[in-house]
Amino acid sequence: VERNPALNLAVMHRRHNCVAELLRRGADVNLADRGGFSPLMDAAWNGDATMVVTLLKYGADPDAVGHSHFSGGIKTTERTAAEWARIRGHVEVAEHIENWVATPESVLQGVRVRPLGWRR
């Protein structure tokens with residue numbers, strides 16, 4: 001199957017339940033396919049906001065870069081998941097990924113901290 005990891009294939013084909021089960025069983029959320037696309041990049045490419053949130057919650061790296069996509073052999077300069085989402089017209093998904101990166105609570109997954117510059 002084009003040497004792509006199971007998690008990437010499940011994300012590409014929008015199999016939410018399968019993705020949840022693979023992650024629950026310890027699938028590597030950042031394992032890239034042969035084109036260098038991570039599962040998060042595939043979800044961003046598809047504009048699948050629900051999948052993006054799931055992957056981010058499991059520790060997907062929003063700063064990882066990929067250079068080609070399975071759907072058409074697109075080869076270009078390396079881009080992050082947010083950049084791929086914007087290229088595909090999924091602006092809200094891109095903004096969500098960018099905001100997730102900027103939110104300490106999301107990075108620490110449940111650890112309560114105050115954002116930089118927070119004042120009472």
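When we follow UniProt numbering, the leftmost residue of the sequence shown carries the number 1, and every step to the right adds one. Cβ atoms here follow ideal geometry from the backbone N, Cα and C, with glycine treated the same way.
Beta-carbon gap between residue i and residue j smaller than 8 Å
{"i": "residue 6", "j": "residue 38", "result": "no"}
{"i": "residue 29", "j": "residue 9", "result": "no"}
{"i": "residue 49", "j": "residue 21", "result": "no"}
Best match in the options for proximity to residue i [C-alpha to C-alpha]
{"i": "residue 31", "options": "49, 66, 16 and 53", "result": "66"}
{"i": "residue 13", "options": "24, 26, 36 and 40", "result": "40"}
{"i": "residue 85", "options": "42, 57 and 19", "result": "42"}
{"i": "residue 4", "options": "35, 20 and 17", "result": "35"}
{"i": "residue 58", "options": "99, 93, 25 and 92", "result": "25"}
{"i": "residue 45", "options": "62, 88, 98 and 100", "result": "88"}
{"i": "residue 15", "options": "83, 51 and 47", "result": "51"}
{"i": "residue 47", "options": "100, 82 and 99", "result": "82"}
{"i": "residue 63", "options": "53, 17 and 98", "result": "98"}
With 16 other Cβ atoms within 10 Å as the buried cut-off, status of residue i
{"i": "residue 96", "result": "buried"}
{"i": "residue 121", "result": "The displayed coordinates of the chain run from 1 to 120. Any statement about residue 121 would go beyond what the structure contains."}
According to DSSP, residues forming a beta bridge with residue i
{"i": "residue 79", "result": "66"}
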